[in-house]
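S.K.:
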Amino acid sequence: MFLHGLAFAIYFALYAMLLVFAFRYLLTGRYMPAHAQAAGHDWASLDPSTQAIVSAMARVVGAGMLTTAVTGLLITLGAAVTGLAWLKYLAPVPALVFCAPTLHASYLLRQSSGAATPLGPSLLGVALAIAGFVLEWV
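With numbering that gives the first Met the number 0 applied, the sequence shown covers 0 to 137.
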């Protein structure tokens with residue numbers, strides 16, 4: 000029972016982290032320092048139409064993170080409240096579906112541009128999702 004509680008705590012931390020990043024992207028509406036390094040331009044040097052495109056894309060990414068975080072939290076809470084065994088195995092799915100491609104994209108951007116793209120948050124998301132899933136099976 001302790002391990003299931005630990006898995007719940009891990010999922011909660013995972014989706015809370017995604018929620019923080021979601022609001023960061025939604026509220027910032029511009030690219031991050033690693034993106035500026037990869038592009039070779041700072042935000043101010045972009046023309047207004049390019050800024051608008053990048054800002055819209057950042058908000059789409061933020062909305063995807065928000066959707067992932069809310070869905071994951073609801074599945075996790077639903078599993079904890081109802082005790083449905085099959086539901087707890089779905090808890091890592093939203094994070095894996097979002098974080099694995101994000102990790103891959105960050106890695107490709109790092110490889111192609113040499114920019115210090117943040118691999119850590121996506122890698123942590125994948126690791127936490129896997130850790131929670133493993134703890135549910137023990």
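Glycine included, C-beta positions come from ideal geometry on N, C-alpha and C.
1. May I ask you to report which of helix, strand or coil DSSP gives M31?
2. Leaving out five residues before and five after L72 in sequence, what residues of the same chain have Cβ atoms less than 6 Å from its Cβ?
3. Is it the case that the region 5-20 contacts the region 121-133, given that we only count it when at least three CB pairs across the two stretches are under 8 Å?
4. Straight-line CA distance for T101 to V92?
5. State whether the region 97-117 contacts the region 29-49, with contact taken as three or more CB pairs (one from each stretch) at a distance under 8 Å.
6. When burial is assigned at 16 or more other CB atoms within 10 Å of the CB, is F1 buried or exposed?
7. Does the region 64-83 come close enough to the region 14-24 to have 3 or more Cβ pairs within less than 8 Å?
8. Between S121 and the rest of its own chain, which residues show a CB-CB distance below 7 Å, the 5 nearest in sequence each way excluded?
9. For a test of the three-state rule: what should DSSP assign to H3, helix, strand or coil?
M.R.: Walking through what the data contain:
1. Reading the sequence shown from its first residue, position 32 is the one you call residue 31. Three-state result, M31: coil.
2. Translated into the one-based positions of the sequence shown, residue 72 becomes position 73. For L72, where only same-chain residues beyond five positions count, the Cβ hits under 6 Å are Y14.
3. yes
4. Counting from 1 along the sequence shown, the entry for residue 101 is found at position 102. Counting from 1 along the sequence shown, the entry for residue 92 is found at position 93. Cα-Cα distance, rounded: 14 Å.
5. yes
6. Against the sequence shown, residue 1 aligns to sequence position 2. That one is exposed.
7. yes
8. Numbered from its first residue, the sequence shown carries residue 121 at position 122. Hits under 7 Å: C98, T101, L102, S105.
9. Residue mapping note: residue 3 aligns to position 4 of the sequence shown, counting from 1. Three-state DSSP puts H3 in a helix.
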